[in-house]
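So the structure is just underneath, and the comments pick up after that.
2 protein chains.
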Amino acid sequence: MMQNYIEPSFHDWDLLIKRPTDSYNDLESIVSRVFKSVKKEGDHAIINYTKQFDNILIDSLEVSLEEFKSAENKVSNSLKTAIQRAKLNIETFHNAQKTEKVYVETENGVQCWQEKKAIEKVGLYIPGGSAPLFSTVLMLAIPAQIAGCSEIILCTPPDSEGNISPEVLYTAQLCGIRTVFKTGGIQAIAGLTLGTKSIPKVYKIFGPGNQYVTAAKQWATRYHVAIDMPAGPSELLVMGDKNADPDFIASDLLSQAEHGPDSQVVFVTTHQVMLKKVSSAINRQLVDLPRKDIVIKALKNSKMIYFSNDGNAIDFINLYGPEHYMICMENEDLYVSNVKNAGSVFIGNYTPESAGDYASGTNHTLPTNGYAKQYSGLNLDSFMKAITFQKISKQGLMSLGETIELMSEAEGLQAHKNAVSIRLKKINNDI
Amino acid sequence: MMQNYIEPSFHDWDLLIKRPTDSYNDLESIVSRVFKSVKKEGDHAIINYTKQFDNILIDSLEVSLEEFKSAENKVSNSLKTAIQRAKLNIETFHNAQKTEKVYVETENGVQCWQEKKAIEKVGLYIPGGSAPLFSTVLMLAIPAQIAGCSEIILCTPPDSEGNISPEVLYTAQLCGIRTVFKTGGIQAIAGLTLGTKSIPKVYKIFGPGNQYVTAAKQWATRYHVAIDMPAGPSELLVMGDKNADPDFIASDLLSQAEHGPDSQVVFVTTHQVMLKKVSSAINRQLVDLPRKDIVIKALKNSKMIYFSNDGNAIDFINLYGPEHYMICMENEDLYVSNVKNAGSVFIGNYTPESAGDYASGTNHTLPTNGYAKQYSGLNLDSFMKAITFQKISKQGLMSLGETIELMSEAEGLQAHKNAVSIRLKKINNDI
Numbered sequence: 046m047m048q049n050y051i052e053p054s055f056h057d058w059d060l061l062i063k064r065p066t067d068s069y070n071d072l073e074s075i076v077s078r079v080f081k082s083v084k085k086e087g088d089h090a091i092i093n094y095t096k097q098f099d100n101i102l103i104d105s106l107e108v109s110l111e112e113f114k115s116a117e118n119k120v121s122n123s124l125k126t127a128i129q130r131a132k133l134n135i136e137t138f139h140n141a142q143k144t145e146k147v148y149v150e151t152e153n154g155v156q157c158w159q160e161k162k163a164i165e166k167v168g169l170y171i172p173g174g175s176a177p178l179f180s181t182v183l184m185l186a187i188p189a190q191i192a193g194c195s196e197i198i199l200c201t202p203p204d205s206e207g208n209i210s211p212e213v214l215y216t217a218q219l220c221g222i223r224t225v226f227k228t229g230g231i232q233a234i235a236g237l238t239l240g241t242k243s244i245p246k247v248y249k250i251f252g253p254g255n256q257y258v259t260a261a262k263q264w265a266t267r268y269h270v271a272i273d274m275p276a277g278p279s280e281l282l283v284m285g286d287k288n289a290d291p292d293f294i295a296s297d298l299l300s301q302a303e304h305g306p307d308s309q310v311v312f313v314t315t316h317q318v319m320l321k322k323v324s325s326a327i328n329r330q331l332v333d334l335p336r337k338d339i340v341i342k343a344l345k346n347s348k349m350i351y352f353s354n355d356g357n358a359i360d361f362i363n364l365y366g367p368e369h370y371m372i373c374m375e376n377e378d379l380y381v382s383n384v385k386n387a388g389s390v391f392i393g394n395y396t397p398e399s400a401g402d403y404a405s406g407t408n409h410t411l412p413t414n415g416y417a418k419q420y421s422g423l424n425l426d427s428f429m430k431a432i433t434f435q436k437i438s439k440q441g442l443m444s445l446g447e448t449i450e451l452m453s454e455a456e457g458l459q460a461h462k463n464a465v466s467i468r469l470k471k472i473n474n475d476i
Numbered sequence: 046m047m048q049n050y051i052e053p054s055f056h057d058w059d060l061l062i063k064r065p066t067d068s069y070n071d072l073e074s075i076v077s078r079v080f081k082s083v084k085k086e087g088d089h090a091i092i093n094y095t096k097q098f099d100n101i102l103i104d105s106l107e108v109s110l111e112e113f114k115s116a117e118n119k120v121s122n123s124l125k126t127a128i129q130r131a132k133l134n135i136e137t138f139h140n141a142q143k144t145e146k147v148y149v150e151t152e153n154g155v156q157c158w159q160e161k162k163a164i165e166k167v168g169l170y171i172p173g174g175s176a177p178l179f180s181t182v183l184m185l186a187i188p189a190q191i192a193g194c195s196e197i198i199l200c201t202p203p204d205s206e207g208n209i210s211p212e213v214l215y216t217a218q219l220c221g222i223r224t225v226f227k228t229g230g231i232q233a234i235a236g237l238t239l240g241t242k243s244i245p246k247v248y249k250i251f252g253p254g255n256q257y258v259t260a261a262k263q264w265a266t267r268y269h270v271a272i273d274m275p276a277g278p279s280e281l282l283v284m285g286d287k288n289a290d291p292d293f294i295a296s297d298l299l300s301q302a303e304h305g306p307d308s309q310v311v312f313v314t315t316h317q318v319m320l321k322k323v324s325s326a327i328n329r330q331l332v333d334l335p336r337k338d339i340v341i342k343a344l345k346n347s348k349m350i351y352f353s354n355d356g357n358a359i360d361f362i363n364l365y366g367p368e369h370y371m372i373c374m375e376n377e378d379l380y381v382s383n384v385k386n387a388g389s390v391f392i393g394n395y396t397p398e399s400a401g402d403y404a405s406g407t408n409h410t411l412p413t414n415g416y417a418k419q420y421s422g423l424n425l426d427s428f429m430k431a432i433t434f435q436k437i438s439k440q441g442l443m444s445l446g447e448t449i450e451l452m453s454e455a456e457g458l459q460a461h462k463n464a465v466s467i468r469l470k471k472i473n474n475d476i
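If you read the protein sequences in the order shown, they are chains A and B. Per the working numbering, the first sequence starts with residue 46, numbered consecutively. Per the working numbering, the second sequence starts with residue 46, numbered consecutively.
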């Protein structure tokens, strides 16, 4: 089902790293229309679009205290325990990402430091659709809380009865989030960007979504809002040799493929017979999957590639820049130490990709579509910004002043020079 | 010349934090046209646009070794020494920003870690115009080198004789950059985004520029390229009380105002008489400035504000989110500890803003236009991305497996569950 490529030549690599994604430019007219309406009519527009796109007329946008309470009763105890355990691991890993103030006296009397501060107002978007993605609530809300964001707003589309899934509400509450709005799609992003009577305006929007949400987030950046990263369909690249278990690899490729018909999975090997072994395992396991139709479509976008040497395999993988990258190799150290571009890396036979999706502690919001070359996955710093400070003493300025004067003059910026000269003159007069 | 506001009411704050910037949407048609031409005709298009926009026909895009050499001879020794000293301080401060690998065993047998890796290919843009901004070369190239970016490309527009300023070339060389292209504006950004025969395609583009460059960088994000931050006119907010020196403050406001007619400077005080004192000092110092005309235009966009209490002043400043924020207050600790939104902070009477522009060690590429609320100034991490890794032992998966199974099942993702179950089954069979 997946295309096989044997030792593809370097000239074909650019084609092989292509993702099955469309451009979203053709969505701009609808996105721009929704933003305009939300700007003009606020909540009214959001309720109207929710009726139009999600087919449900909601009377109140904000989730009530009663809804939170009843959600808590609807989630099984075993699932609650699982969510709590995942939360603990995710907290542990994101807490460890805290950084100290960076302080340096670059010269005598010239103190410079860098401190990170929380982004005050953040919006978290949780997609609706076929399944309630409560795991994404954990991945967005936990680092936002650890960062210390003072206003955390969550938007997620209501189901056909106007409700939010109990798992999503339970998880939000567990993470200390009490402000949840029943709205999804373009209108939710427009609400978070522009603000309405109900929905507060935020400074940065986080979270995955379909092509409409992605286009809307891109559009939001025109209105002084930042976004976490450009989103795209999920993807997994597995590198495995004879050390790998074909059944395990097949199960991981299938787990990635079930996300959506536009997901992409790639299997790379230096052990040619694995191509056939993994293929057979896929065919065996596929039969029983409830989301089989989606999986089959995704596998059509997917590739199996054989390279006879490690160097080419490693170079190809770094050029691909996979969102999820699994390494099941005898010489795993070589592969791990040569990771240049990837979202998250899964090492060894007993590290399924779904561990990182849910519970190991790492974040599952990751750059796809080759963006791992220049974007980080979501982490604590995504919810903060670094601010620099400096304090110069008279002594420090006496020492550094001439350097600044010379440079500003050479750049033709006399007033910049004056700001130093006027101070040096005062110091000299005072002496 | 600057508008005065005495104790403005909270309702007026939204108007007071407005910047004198235009939307760049009306530039999209020209930007899109240039990108299309560069995509189609490569170097040829870039040379044509350089002729059309910069009025110079260049025969070779890349700066030659001879040009580098002759540049070195044209820069005075005293300026070289100044640039070298600034480089040392900037290196010291950005070196201190290096972070260790974050490693946690979240549960027994579940190892998670985060490592930062350089963005491999980066493009640095240095504006041309009235003055050679060699200081920006330092601010972009130094962190790129410390991060370990393997391909660093610099673009800057040629002057009317087809040359690049010797100061820019000298500084680039000093920072270890040998790949410099003589092209600016939209066509330079298009070249870095799309790649041509001469100009390599990069993963992330850094650097300031005029409205065309800003619009082009925004446009570049449609082509899988990241940018450092949305740019805008420079700005400074000074907070000063009777402890401050009106002459110093005037010199800083003027140094910011000389950047361009759309720069904005704001003076906030809790000591009302300072409004008049600073105004007079501005008028006195203004007379002799070579860029007086620019300054006068910028001052027309600028404001002086009196608040009777510190709380309101601090809240207003955090709502404004200044790019440069200078604190000259008796109770400076109160102000420093309450900084929530700012690009870079300058503390005390002997810390002119121009120190940070050139030589103290902090970076001068900072978020303007209110973006300090959600963006960091340029720092070492801007040239890197964080990658997460995880490695789970059999023991670890036996312990964590059920949690993953429960959660993936509840999200309706059976194949995600299978990837765990198939491994647990194997472990149990092996025991």
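The beta-carbon is built from N, C-alpha and C at its ideal position, and this holds for glycine as well.
Any beta carbon of chain E sitting closer than 9 Å to that of B:Ile191? Considering every chain present, this structure includes no chain E. Its protein chains are A and B.
For A:Val465, return the contacting residues in chain B, with the cut-off set at a CB-CB distance below 8 Å. Counted from its first residue, the first sequence places residue 465 of chain A at position 420. For the C-beta of A:Val465, the chain B residues within less than 8 Å are, from N- to C-terminus, Pro397, Ser399, Ala400.
Taking just the CA atoms, how far does A:Ala90 sit from A:Ser82? Sequence index remark: in the first sequence, residue 82 of chain A carries index 37 (1-based). Sequence index remark: in the first sequence, residue 90 of chain A carries index 45 (1-based). Their Cα atoms are separated by approximately 6 Å.
DSSP puts A:Glu152 in a beta bridge; with which residues? As a position in the first sequence, residue 152 of chain A is number 107, starting the count at 1. Bridge partners of A:Glu152: A:Val155.
Along the stretch 89-118 of chain B, where does the CB come closer than 9 Å to a CB of chain A? Name the residues. If the cut-off is 9 Å between Cβ atoms, the stretch 89-118 of chain B has nothing near chain A.
Measure from the C-beta of B:Ser205 to each C-beta in chain A and report whether the shortest distance is under 9 Å. To locate residue 205 of chain B, count along the second sequence from 1; it is residue 160. False, the Cβ-Cβ gap to chain A never drops below 9 Å.
One or two residues paired with B:Cys373 in a DSSP bridge: Sequence index remark: in the second sequence, residue 373 of chain B carries index 328 (1-based). Answer is B:Gly285.
Closer than 9 Å to chain B by CB, A:Lys462: As a first step, residue 462 of chain A is located in the first sequence; it is residue number 417 there, counting from the start. It does; some Cβ of chain B falls within 9 Å.
At least one CB of chain A closer than 9 Å to the CB of B:His269: is that the case? Position 224 of the second sequence, counted from the first residue, corresponds to residue 269 of chain B. Interface with chain A (9 Å Cβ-Cβ cutoff): B:His269 is included.
Test item: CB-CB of A:Ala295 and A:Ile327 under 9 Å: Your numbering for residue 295 of chain A matches position 250 in the first sequence. Your numbering for residue 327 of chain A matches position 282 in the first sequence. Yes.
Skipping 5 residues on each side, what residues in its chain have a beta carbon closer than 6 Å to that of B:Cys157? For the purposes of this step, residue 157 of chain B is taken as residue 112 along the second sequence, with counting starting at 1. Here the set comprises Val149, Thr151, Gln435.
What are the residues in the stretch 407-420 of chain B lying within 9 Å of chain A by C-beta distance? Thr407, Asn408, Leu411, Pro412, Asn414, Gly415, Tyr416, Ala417, Lys418, Gln419, Tyr420
Quick one, which residues of the stretch 369-397 of chain B are near chain A if we go by CB-CB under 8 Å, in chain order? Val381, Val384, Lys385, Asn386, Ala387, Gly388, Ser389, Val390, Phe391, Ile392, Gly393, Asn394, Tyr395, Thr396, Pro397
For A:Lys462, count neighbouring C-beta atoms within 10 Å of its own C-beta (all shown protein chains included) and say buried if the count is 16 or more, exposed if not. Mapped onto the first sequence, residue 462 of chain A falls at position 417. By the 10 Å Cβ count, A:Lys462 comes out buried.
Which residue marks the beginning of the beta strand (DSSP E) containing B:Phe391, and which one marks its end? Here residue 391 of chain B refers to the residue found at position 346 when the second sequence is read from its first residue. Taken as a continuous stretch (DSSP letters only), the beta strand (DSSP E) holding B:Phe391 covers 389-392.
Count the other CB atoms within 10 Å of the CB of A:Gln48; is the residue buried (16 or more) or exposed (fewer)? Taking the first sequence and counting its residues from 1, the one referred to as residue 48 of chain A is at position 3. The residue in question, A:Gln48, is exposed, as its Cβ has fewer than 16 Cβ neighbours within 10 Å.
Counting only beta-carbon atoms, is B:Ile437 nearer than 9 Å to chain A? If you number the second sequence from 1, residue 437 of chain B lands on position 392. With its beta carbon less than 9 Å from one in chain A, B:Ile437 belongs to the interface.
Cα-Cα separation between B:Val310 and B:Ile62, rounded to whole angstroms: Within the second sequence, numbered from 1, the residue matching residue 310 of chain B stands at position 265. Within the second sequence, numbered from 1, the residue matching residue 62 of chain B stands at position 17. Their backbone Cα atoms lie some 11 Å apart in a straight line.
Which of the three DSSP states, helix, strand or coil, is assigned to B:Val311? Against the second sequence, residue 311 of chain B aligns to sequence position 266. Strand.
I'd like to know whether the C-beta atoms of A:Cys373 and A:Phe293 end up nearer to each other than 9 Å. Here residue 373 of chain A refers to the residue found at position 328 when the first sequence is read from its first residue. Here residue 293 of chain A refers to the residue found at position 248 when the first sequence is read from its first residue. Yes; because the gap between Cβ atoms is below 9 Å, this pair is in contact.
What does B:Asn328 reach in chain A if we use C-beta pairs closer than 7 Å? The residue labelled residue 328 of chain B in the question sits at position 283 within the second sequence. Simply none; closest approach about 14 Å.
In DSSP terms, what A:Ala163 is bridged to: Here residue 163 of chain A is taken as the residue at index 118 of the first sequence, counted from 1. Answer by DSSP bridge pairing, in chain order: A:Met429.
Test: B:Val332 CB closer than 9 Å to a CB of chain A: As a first step, residue 332 of chain B must be located in the second sequence, where it is residue number 287. Judged by the 9 Å Cβ criterion, B:Val332 is not in contact with chain A.
In this structure, what does DSSP give as the bridge partners for A:Phe251? Counted from its first residue, the first sequence places residue 251 of chain A at position 206. Bridge partners of A:Phe251: A:Leu169.
Can you give, in chain order, each stretch of the alpha helix (DSSP H) that sits fully within the stretch 72-150 of chain B and has at least 4 residues? 73-86, 88-99, 110-119, 122-140
For A:Ser195, which residues from the same chain have a beta carbon less than 8 Å from its beta carbon, with the 5 sequence-adjacent residues on both sides left out? Taking the first residue of the first sequence as 1, we reach residue 195 of chain A at position 150. Once the five neighbours on either side are set aside, the close Cβ partners of A:Ser195 are Ala163, Glu165, Lys166.
Note down the Cα distance separating B:Val332 from A:Ala460, rounded to an integer number of angstroms. Counting from one through the second sequence, the residue named residue 332 of chain B turns up at place 287. Counting from one through the first sequence, the residue named residue 460 of chain A turns up at place 415. Approximately 11 Å between the Cα atoms of the pair.
Local conformation of B:Ile187 per DSSP, three classes: Within the second sequence, numbered from 1, the residue matching residue 187 of chain B stands at position 142. B:Ile187: helix per DSSP, three-state reduction.
Under a CB-based cut-off of 9 Å, is B:Val256 close to chain A? Residue mapping note: residue 256 of chain B aligns to position 211 of the second sequence, counting from 1. In the sequence as presented, Val is not what sits at residue 256 of chain B; that position holds Gln. For B:Gln256, the answer is no, since every Cβ of chain A falls outside 9 Å of its Cβ.
4-residue-minimum alpha helix (DSSP H) runs that sit fully inside the stretch 451-476 of chain A, ordered along the chain: 459-475
Thinking C-beta only, is B:Ile341 closer than 9 Å to B:Val313? For this step, residue 313 of chain B is matched to residue 268 along the second sequence. For this step, residue 341 of chain B is matched to residue 296 along the second sequence. Result no, Cβ atoms of B:Val313 and B:Ile341 do not sit closer than 9 Å.
Tell me, please, which residues DSSP counts as bridged to A:Glu280. Here residue 280 of chain A corresponds to residue number 235 of the first sequence, with the count starting at 1. Under DSSP, A:Glu280 shares a beta bridge with A:Gln309.
Where does B:Leu199 fall in DSSP's three states? Here residue 199 of chain B refers to the residue found at position 154 of the second sequence. Strand, per DSSP.
Only counting runs of 4 or more residues, tell me where the alpha helix (DSSP H) segments fall wholly within the stretch 310-369 of chain A, in order along the chain. 318-331, 337-345, 355-365
What number of angstroms, rounded off, separates the C-alpha of B:Lys246 from the C-alpha of B:Lys287? Locating residue 246 of chain B in the second sequence gives position 201, where the first residue counts as 1. Locating residue 287 of chain B in the second sequence gives position 242, where the first residue counts as 1. B:Lys246 and B:Lys287: Cα-Cα distance of roughly 53 Å.
Quick one: list the residues of chain A neighbouring B:Leu124, beta-carbon separation under 8 Å, in chain order. Working through the second sequence from its first residue, we reach residue 124 of chain B at position 79. Within 8 Å Cβ-Cβ: Leu451, Met452, Ala455.
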